[in-house]
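Protein chains in written order, with my numbering: chain A, 32 to 112; chain B, 91 to 732.
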Amino acid sequence: MNEQEVLTALNPIFQDMFDDDDIELTPDTTAKDIEGWDSLAHVSLIVAAEQRFGVKFRTAELDSLHNVGHFAQLISKKLNG
Amino acid sequence: MDQLFWLPNHADLGAAIGEARQETDPAKCLDTFAQLAGYRRDFTLTNRLDRTAGKLLADLVAKGACKTAGLTPLRVAILSSHTIDHLVPAFRVAGLHRRLALSVYVAPYGMYRQSLLMDDPEMAGFAPQLVVLALDARDAPLQLPLESSEEDVTAAVQARVEELRQLWSAAKTRYAAQMVQQTLVPLDPPVFGSFEALVPAAPYALTERLNTAIREAARRDGVLLLDLAWQAAQGFYGKGLGDPVRWHQAKQLVSPNLAPLYGDQLARVAAAAAGLSRKCLVLDLDNTLWGGVIGDDGVEGIHLGQGTPTGEAFLAFQHYAALLAKRGIILAVCSKNDMAVAEAAFEHPEMVLKRADIAAFVANWEDKAGNLRRIASMLDIGLDSLVFVDDNPAERDIVRRELPEVGVPELSEDVSDYPACLAAAGYFETISFTSDDAARGRSYALNAERKAALTQATDIEGYLRGLEMILTTTLVGPAELPRTTQLINKTNQFNLTTRRYSEAEVERLAEDPGALALAVRLRDKFGDNGLISVVLARSDSSLETDELLIDSWLMSCRVLGRQVEQAVLEVVAAWATEAGWSALVGEYRPTARNGMVAEHYPRLGFANRQAPEGAESDATFWRYDLNAKPTVTHFIEIEKHE
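Given below as structure tokens:
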């Protein structure tokens, strides 16, 4: 899966998590853009993505998640790595 | 393994949640949500369920309309030494599935001592009925050098448990709340390997000792456990408990994806405390209690007993059911069979369960939903007290659809897994175990004999006289407290006001010299029925000063129709007269379940009384003049123990 495909697959996860079918993720989407994306939701998103893609994030990787593009890039890299 | 593996799968739960949200009537909407909560669900779907259901529940509680929606409100404060907020939605959803309307207060992270030992206006305003102390093994570490002696470790463990006991005691005195203590999950990797537990101050050994001491103290102090350490040891949480990444990232003990499991574990303790546990295990026969079909294979042909793996597996399941019966779960049979053929199977030499263990035995060719209704009425219990175990997925599905109140666990296709499936579902969680529980199975069997005696007796008076009943009344003391509280919290039908009280609240009332907390036992020529009725009476500012309010009056349905209530009234009236009261005032608060006592007070000769100010609008009030008391007839000898 490339970055764009991961982003597309992430979209329903975000919609379910924040219960908002209008969410349209872009690589630039950050926590500021989505209502309810607090630190608690952040952990849940990571766990949901781990489940969906069957990957595991390293502790150090959690420090540097700035936007959704970054998130997708990391997942894509893990899937193809 | 799915975390809620005893729950059935839904074809499209996400869509069903969306559809349920379209419903505009909040009670109907919550009803649907309560059913959807009974399907296997991950944490995202669970949170989605809670997003709407949580709001509706909060509205319902604020309006005081839980009762009409068939829900029991319960306020739970969670005090924690780790992050717990992400588990609250799953707790609420699992509660709703058990017909609880949970209000949850989460104290600020790590502030549990302050919330209990100091004045905490927010906590006090919330007035918790249940306080959950969710601690972890990393909290308040005992600062002991690894080489500490056994004695030093024992002293440190005792000191820590004494501190916890002070917190428990504060929850009781400050809030009259029932305490639930979470045991400590060992989190840290071993320092010594297998030698770990042999070093008294090694982390794992310390946690083990603390848990042992906590469990002992909890038993003494009437504190309930959320035994997470034991759950963890059983492997239910896999790596989802104490995942170091989640801990370093967010101080979460339980990973978000295991919230549904944790929520369910906690909700069953809460439901048990609110009297919503199930009481009766209904068993299918063919391929559930034995392998094969008794009608086709005959007693000799069925698989049961030592010698083959299948035969032993069915034996093991019967052993488990028999153990449940020994702790007070009523057993029933619901089978598509001819009655005579089904009963004959119990003559099989290796049957663990005996025909006499089965309190209600229904075998015919009618549909199982109808038969389950019959079983509930034979035993005088609600459908929501039943758990139905059947190997046939189609039967399970039909019963779930026809009777959503009945608990129907999904079973593995392998009978060897049946005991674990049934146990994991947690239908029979309890808050106490008394000798009355142990005797209950026998008591239901005796009831069947009494019913037989009734059909033989030509008149009801002769029948009642012939029972040679002796009623014993006791003012509630420490010995009666657990069973009294249990009865208060689980009696739904013969219950005039359905007020639920914690052990601490009952104790408080029992110690009030102006109030009456009466425990009633009944025995007859067939045996002892145990503690079967409770009356709580007290003064009330909304009544006249010489009127005694009967706050609660409830009775086990096992002794219905035997004029026990007449005899109890005689005792209560005598006590009240002696204490200087002029009248008793009875209150009836209707619920979905207590229609049978709507006419209780007029039947006993009480006169209608105007409702006092502040009473619930649908409650009725009744007055019994102690100076001109009508005669009461019954055929029960009364013994008083003060």
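Note that the Cβ used here is the ideal one computed from N, Cα and C, for glycine as well.
Since the structure is predicted, the reported quantities are computational estimates derived from the model, not experimental observations.
Residue environment analysis places A/G67 among the exposed positions, since fewer than 16 neighbouring C-beta atoms fall within 10 angstroms of its C-beta.
Interface annotation, B/P346: in contact with chain A, CB-CB separation under 8 Å. Between the stretch 597-614 of chain B and the stretch 553-571 of chain B there are three or more C-beta pairs closer than 8 Å, enough to call the two in contact.
Annotation for B/M429: A453 place their beta carbon closer than 6 Å to its own, counting only its chain and skipping 5 residues before and after. With a cut-off of 8 Å on Cβ pairs, the stretch 318-336 of chain B is not in contact with the stretch 149-165 of chain B, counting fewer than three such pairs.
When CB distances to chain B are screened at a threshold of 7 Å, the residues of the stretch 76-96 of chain A falling below it are V78, A79, Q82, T90, L93, in chain order. Look at A/L71: its C-beta is under 8 Å from a C-beta on chain B. Identification of residues in the stretch 138-162 of chain B having a C-beta nearer than 7 Å to some C-beta of chain A yields R138, R141, given in sequence order. For B/S425, there is no enclosing alpha helix (DSSP H); the residue is found in the beta strand (DSSP E) stretching over 420-426. Counted as a single uninterrupted DSSP element, the stretch harbouring B/R713 is not any alpha helix (DSSP H) but the beta strand (DSSP E) occupying residues 710-715.
When the alpha-carbon of B/D630 is set against those of B/L343, B/G676, B/V658, the nearest one is in B/G676.
A direct Cα-to-Cα measurement between B/L192 and B/E113 gives close to 21 Å. Contact annotation: in the stretch 49-62 of chain A, residues whose CB is within less than 7 Å of a CB in chain B are D50.
In the structure shown, B/S193 falls within a strand segment according to DSSP collapsed to helix, strand and coil. For B/M686, no alpha helix (DSSP H) encloses it, and the DSSP letter there is neither H nor E. Using beta-carbon distances, A/V74 counts as an interface residue toward chain B, with a partner under 8 Å. Counting only the Cα atoms, B/L379 lies some 42 Å from B/R141. For B/R336, a Cβ of chain A is located within less than 8 Å of the residue's own Cβ. For B/R111, no beta strand (DSSP E) segment is defined, and its DSSP state is neither H nor E.
Between B/F451 and the set B/L371, B/D487, B/D481, the nearest pair of CA atoms involves B/L371.
Residue state for B/H172 is assigned as coil, using DSSP reduced to three classes. For B/V624, the secondary structure class from DSSP, reduced to helix, strand or coil, is strand. Counting C-beta atoms within 10 angstroms of its own C-beta, B/G704 has fewer than 16 neighbours from the protein chains shown and is therefore classed as exposed.
At a cut-off of 8 Å, the C-beta of B/T134 has a neighbouring C-beta in chain A. In this structure, DSSP gives B/V281 a state outside helix and strand, which the three-state scheme calls coil. Against chain B, a Cβ distance below 9 Å from A/D47 picks out G104, T134, L135, N137, R138. The criterion of a C-beta distance shorter than 8 Å is not satisfied by B/S592 and B/Q204. Residues of the stretch 102-131 of chain B that bring their beta carbon within less than 8 Å of a beta carbon in chain A comprise G104, in sequence order. Ranking B/Y129, B/V178, B/E298, B/R130 by CA distance to the CA of B/G144 puts B/V178 first. Going by C-alpha positions, B/S506 is about 7 Å away from B/F404. Assignment of alpha helix (DSSP H) within the stretch 435-472 of chain B, counting only whole runs of 4 or more residues, yields 458-468 in chain order.
Excluding the 5 residues flanking it on each side, B/F523 has same chain C-beta neighbours closer than 8 Å at R417, G418, in chain order. Proximity of chain A to B/D278 at the Cβ level (cut-off 9 Å) is not reached, the minimal Cβ distance being about 17 Å. The three-state reading of DSSP puts A/K108 in helix, counting H, G and I together.
Runs of the alpha helix (DSSP H) lying entirely within the stretch 313-358 of chain B and spanning at least 4 residues, in chain order: 318-324, 334-340. For the stretch 171-201 of chain B, residues whose beta-carbon sits nearer than 9 Å to a beta-carbon of chain A comprise T173, D175, H176.
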